[in-house]
Every structure is written in structure tokens, then in C-alpha cells.
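One structure below.
Residue numbers (the UniProt record's numbering): 1 to 570.
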């Protein structure tokens, strides 16, 4: 009989247990890899949401403003290099703007601030998401003739001008060629400027304090958008007179932002002033606006805590799954013990039997791992940011599958070695224990130690010496180790319980109860495995239910904080 034929016949004879092992391996790999991938995808979405869903635009951006010097091109290059160094490798967009001082409209009390930026040109990919053209055409740069500009409709009505009219603003003549309004006045690019809010649909268009006045000099101003210069040439802003400003607004690229970028983002925003403190850049001081630093820092801390807490369910899933695989493998080994003894009695070497066993275990483990990873990858394609986690799922799934495979190989190898050494065990079953005493002491001791550590810290989360949120691995493994301890104690107690039941049923007139008790007492390994699996399943379900039940209380607490309480004066 060939080796392949022998393996196929062995597999067919134990098809039920092999199928169970295959499904357990696939389930373990899929659940562990899918959980890690989903947690990481959720962290990515949560980080992006924290940066983009703030109610205040200034909380999602940071800007630096200084006066325009004699060499604006050098200022631009130095500023971009400083920003790149401060925020690398976090993906950010830098919006460069040129602003005039508030300039008087000839014959009127109103004043205007001229604003130009390459990011406010139709060629910019985000232009339509930022600017809505109400009437006319967008201003274009012109070497000759008056400066072209765009005004908010309500502000233009207040001045009594429309498309095609010419205004004298400061030292420049401006032809109004368009009226515009922001698509979203809360877009971080505007940093919450009041003139932008006034220009939005529903705004009153009245002159308001311009929050873009970083030098603190502007009051009662409106916003006039003019085109920047072409090909690096000077733009029209200096022609309005006064000393113009240069401003660089740093916007997080939320589409490419990853959780590990949040701490970098917070640090870069915090140190932006120091990073840009260069004599070739700063003219008459540097003003930094925006609250991106605390926003990113809070998001980074929240995600660090969530990541640390995710270790608990992953540990439970992995440990419970491996224990289940080991128990099923022990059942398989016990049922095949007579077969292996017969093969070795007929001249088969231990190496041959071991090789056949490992081939079967390896094939089952490999097939289950591939199936589980495929299921996890397929499931993550349906969640936001899930497709980007394919590499993580492959890595974690391979590691989980390898852990299961090692368990399969170890149990089978120990069985073959014991048979080769002549340790066939007590065939009556009376001398066997479901769980070795040493293993029981080790598992229970580890569970108690982890419980003590968790009670000591009162949480799996710890704060490191640098102030970062971390996780204590021993404390986080407490639920899993306690489940394993419960399963081990239950399985260990099956032997004394079954033997006691056997003695109690011996005097009975009926044979059914006594035979059943005797069968359990003499085949402890076979019956202890499903008992341990029941304990693990019920324990895992209980832990999940208790954890899920905290969501209602948390929701109520958040609602209370959001609503507040009545203030009663005595």
C-alpha cells in the first residue's frame, strides 16, 4: 500500500475529526486575523473622523502667518521645508496664501482684505469642494489692466456693485468679475474666518472682524479673492498697498491618515513655531493659529487606549481557539492510539508514523489557514478602510495558523513518541487523568497571577514613563487565562466525578447507568475535551455579554454629559 493511499484511507476513517480540526483552524485564523484587521480599519476611520468631524474648523488645521519680505520665493521654500520636516511622515496639505492689510474702498467706509492662493484656482483638485461660483467667471491673472477679483454676493450688494464694475481698493483698481460663496464655511482651509461665514449662503454679508488678521490689526473687513501671479511672478496683493502677509495653512490629508500619524501630527503642530523660526522666513514676528495639536493629541490617546484594550478579546479568541484545537487533537490521538500501536508492531518505524501524522496535521492546518485568511480578507472588503488591511490580515492570519499548526504537530508528536517508548498507558482507563497535575498547576497559577495583576492596576491599560498609554500583557491576558483555568479545573474534576459515579451506580439493578459511568471514567480524554469546549464556549459568551452590557451605561453617561443638568439657584 502506498503512502498516499494509506494517508487517504486514514483521513477517510477519521473524516469527522479532521473536518472539525479544519473548521477550527479556519475559524481561529479568520476570527483572529479578521478581528485585528477590523480593529485597525476602525482605528483608521476613527482617527480620520476625529480630524474631519470637529465642530470648529480651527480644531482641524494650523496656520503660520508672517509679513512678506523682500524675497517671497525664499520664504515659501523655507516654510514648506520646515513644515515637511515638522510633520513627516504624516500626510498633510500645505495651502499657501497671500493676504493684504485691510484696505479702504474708495468713497466707502467698508474695507477689504485681498486674498490670493494657488489652492483657490479652478485647476486645483479641491477647488469645487471649497468655492462655489455664483455669477461671472473666476478671476485670472493679468500683466496689464486692472486686477480681477471676486466678492461675496451679499457684500457686493452692500457696496452696490456687480459683475463688471470697477472698485478702487487701497492703491489698486479691481474689476469685479465674479461673485462667490464657500461651499463649506467650516472647511478647515478657512480656519473659521468670520468673513467666510458671512459669505456663506444665509450669511448677512456685513463687514465683520476678519479672523485671518493674525497680526491683530484688521477690523470691519470683507474678503476679496484675487488670482496669484503666474509662473512664480509676483501676484497683485502687494499692489493694494501696505505690508502684505504670507500664510501657510497645514491641513491633514484625512484620506491617507493612519493611526500612527496622529502623534506625529500633534507634535508637528505643537512645535510649528519653533520649526519655522528662521530669519529667512520670519519678518516682524510669526503668528501660529489653529488647534490641530490638541485635536490630534486627543485622537492619538483615544486610539492608543482602544488599541490596548483590543488585546483582551484577541487574547481570549486565540487562547480559547488553540485550547479547542488541542482538545480535538487529543481526542483524535486517543482514538488512533490502537491504530498507531498496530502499525509500529508490524514494523513501521517511529519516524514513518510521525511523518505520516505530521503530513496529515500539516495539510489540515495549512488548508484551514488558507481558508481562514481568505474568509477574513473577503469580509474586510466590505468595511471602510478594510481593503488596505490585506497585508495585516495575511501576517496575523499566518501567525495564528502557525500557532495552531504547532499545537497540532506537538500533540501528535508526543503521542507517537510515547507509543515508541512503550508508554501505551493503562488500557482499562483507570490510571489516566484528563489533565496532568503539572499542567493544571501551571494554568491555574498563571490565571491567578494574571488576576492579581489586573486587580493591582484595575485595568489592562498602563501609563508609561513618557506619558504614553500602553498595555500590561499579563493583566490583559487575565480573562483568557481564567477561562483556561476554569476549563482545566472542570476537565480535571471529570475523573474523580466519573469514578465516584461509577462506584455509586455499581449496586444498581440496571446496567445502563453503570455502563455509561464506566465508559466515561475509562475514556476521560475523549469526554473531557467536549466538556472543556463547553466551558470555554459558555465562558467566552458570558464575558462578551458582560462587556456588551456596559455599552448601555456608557451611552447614558455620554448623553448626560452632553445634555448637562439643571442649574438651580438657591
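Beta carbons: idealized from backbone N, C-alpha and C, even for Gly.
Bear in mind the structure is a predicted one, so any value in this text is a computation, not a measurement.
Mind checking which residues open and close the alpha helix (DSSP H) that includes residue 17?
-> Membership of residue 17 in the alpha helix (DSSP H) is indicated by the continuous run 15-52.
Could you check the C-alpha separation between residue 503 and residue 8 for me, to the nearest Å?
-> 42 angstroms
Reference residue 407; option with closest CA among 397, 448, 358, 382 = 358
Would you identify the three-state DSSP class for residue 446, choosing helix, strand or coil?
-> Residue 446 falls in the helix class under three-state DSSP.
Residue 191 vs residue 388 beta-carbon contact at 7 angstroms = no
Look at residue 225 and residue 150 and say whether their C-beta atoms are less than 7 angstroms apart.
-> yes
Using a Cβ-Cβ distance under 7 angstroms, would residue 391 count as near chain C?
-> The structure shown contains no chain C, having only a single protein chain.
So what's residue 458 in DSSP terms, helix, strand or just coil?
-> coil
Under the three-state DSSP convention, the category residue 100 falls into = coil
Which of helix, strand or coil DSSP assigns to residue 248 = strand
Closer than 8 angstroms by C-beta to residue 396: which residues in its own chain qualify, once you throw out the five before and the five after it? Chain order, please.
-> 32, 33, 36, 37
With DSSP run on the structure shown, which of helix, strand or coil describes residue 182?
-> strand
With a cut-off of 8 angstroms, do at least 3 Cβ pairs link the region 280-291 to the region 120-129?
-> No, they do not touch.
To the nearest angstrom, how far is it from the Cα of residue 519 to the Cα of residue 409?
-> 28 angstroms
Can you give, in chain order, each stretch of the beta strand (DSSP E) that sits fully within the region 140-174 and has at least 3 residues?
-> Here the runs fully enclosed are 147-151, 166-169.
Counting pairs of Cβ atoms below 8 angstroms between the region 239-254 and the region 87-106, do you hit three or more?
-> Contact between the region 239-254 and the region 87-106 is established, with three or more Cβ pairs separated by less than 8 angstroms.
Taking buried to mean at least 16 other C-beta atoms within 10 Å of its own C-beta, is residue 256 buried or exposed?
-> exposed
In its own chain, which residues sit with a C-beta less than 7 angstroms from the C-beta of residue 310, not counting the 5 before and 5 after it?
-> 39
Quick one: does the C-beta of residue 417 sit closer than 6 angstroms to a heavy atom of the ligand SAM?
-> The model on display carries no ligand, and the ligand SAM is accordingly not part of it.
Flag this pair as touching only if the region 145-163 and the region 13-30 have three or more C-beta atom pairs under 8 angstroms; answer yes or no.
-> no
How about residue 571 and residue 246: do their beta carbons lie closer than 7 angstroms?
-> A question about residue 571 goes unanswered here, because the residues of the chain that appear run from 1 up to 570.
Using 8 angstroms as the threshold, is the region 521-533 in touch with the region 485-505, meaning 3 or more CB pairs across them?
-> yes
What are the boundary residues of the alpha helix (DSSP H) that residue 275 is part of?
-> 272-275
Residues bridged to residue 63 by DSSP?
-> 249, 289
Quick one: complete alpha helix (DSSP H) runs, 4+ long, within the region 459-537?
-> Complete alpha helix (DSSP H) runs here, min 4: 473-476, 478-505, 512-522.
So is residue 490 buried or exposed if we call it buried at 16+ other beta carbons inside 10 Å?
-> buried
Beta-carbon separation of residue 248 and residue 96 under 7 angstroms?
-> yes
So residue 135 is in the beta strand (DSSP E); what residue range does that whole segment cover?
-> 131-136
Limits of the unbroken beta strand (DSSP E) element including residue 113 = Segment 111-116, the beta strand (DSSP E) holding residue 113.
Between the beta-carbon of residue 74 and the beta-carbon of residue 401, is there less than 7 angstroms?
-> no
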